[in-house]
Amino acid sequence: MRARALRPLWIATWPVGGGLVALAAVAPSWTGSVAAALLAGVPALGLFVCAALGRAAGRRRVAMVLATATTGFLAFATFGALSGLGALDGPHRLAALYQLGCFALAVVHLAVARFCWTRTNADGDAAEATAALYDEL
């Protein structure tokens, strides 16, 4: 039951990972640094591994915990990009867009995660209450 509630998060993990791969591909030309591709590339790899592991319903919960943690760390790492919104008119426009893109993808994944985890916990509590009711009988 809990794995079914996490299915939308599992599905959302694939396109978010794909978006991060696309950002990692343009990072060297946008930022001028090859190492900047690691900011999006490493979390993308982590999301793809988590999504592949989450294909099996029995492992989906653990895999989505790891995926949520990955995007949480990415959001935390790129949160400072919001202070650089003034750089969108300057010479470092593409570098600022790169960081904002990473942040936006992380926030989208975390928004889906919040909905799914709330539903998962509510479904789990209801299932435990039903099981406790049958145990009393």
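Count along the sequence shown starting at 1, add 1174, and that's the number in our numbering. Glycine included, every Cβ here is placed at the ideal spot set by N, Cα and C. On a predicted model such as this, the values are computed, not experimentally measured, just so you know.
Looking at the structure shown, is L1256 part of a helix, part of a strand, or coil, going by DSSP? Residue 1256 sits at position 82 when you count from the first residue of the sequence shown. In this structure, L1256 counts as helix in the three-state DSSP scheme.
Starting from R1181 and walking both ways along the alpha helix (DSSP H), at which residues does that stretch end? Position 7 of the sequence shown holds residue 1181. Element bounds for R1181: 1181 to 1205.
If you check the beta carbons only, do V1281 and A1249 fall under 8 Å apart? Working through the sequence shown from its first residue, we reach residue 1281 at position 107. Working through the sequence shown from its first residue, we reach residue 1249 at position 75. Contact flag set, yes.
Helix, strand or coil, according to DSSP, for A1231 in the structure here? Working through the sequence shown from its first residue, we reach residue 1231 at position 57. Three-state DSSP puts A1231 in coil, outside helix and strand.
In angstroms, rounded to a whole number, what distance separates the CA positions of L1279 and G1193? The residue you call residue 1279 lines up with position 105 of the sequence shown. The residue you call residue 1193 lines up with position 19 of the sequence shown. The straight-line gap from Cα to Cα measures roughly 7 Å.
Using a Cβ-Cβ cut-off of 6 Å (strictly less than) and excluding sequence neighbours within five positions of L1183, which residues of its own chain qualify? Locating residue 1183 in the sequence shown gives position 9, counting from the first residue. Within the same chain, L1183 has close Cβ partners M1238, V1286, A1287, C1290.
Excluding five sequence neighbours on each side, which residues of the same chain lie with their C-beta closer than 6 Å to the C-beta of V1208? Numbered from 1 along the sequence shown, position 34 holds the residue referred to as residue 1208. Correct list, in chain order: P1202.
Taking only the alpha-carbon atoms, compute the straight-line gap between D1309 and E1302 and give it to the nearest angstrom. Against the sequence shown, residue 1309 aligns to sequence position 135. Against the sequence shown, residue 1302 aligns to sequence position 128. D1309 and E1302 have their alpha carbons spaced roughly 10 Å apart.
Given that a residue counts as buried once 16 or more other Cβ atoms are within 10 Å of its Cβ, and exposed if not, what is R1234? For the purposes of this step, residue 1234 is identified with residue 60 of the sequence shown, where counting begins at 1. Of the other Cβ atoms in all chains shown, 16 or more fall within 10 Å of the Cβ of R1234; this residue is therefore buried.
With distance defined between alpha-carbon atoms, name the residue in A1305, L1240, G1220, P1217 nearest to L1180. One-based indexing of the sequence shown puts residue 1180 at position 6. Each of A1305, L1240, G1220, P1217 was checked against the Cα of L1180, and the nearest Cα belongs to L1240.
Hey, how far is the Cα of A1210 from the Cα of G1232? Locating residue 1210 in the sequence shown gives position 36, counting from the first residue. Locating residue 1232 in the sequence shown gives position 58, counting from the first residue. Those two C-alpha atoms are separated by around 35 Å.
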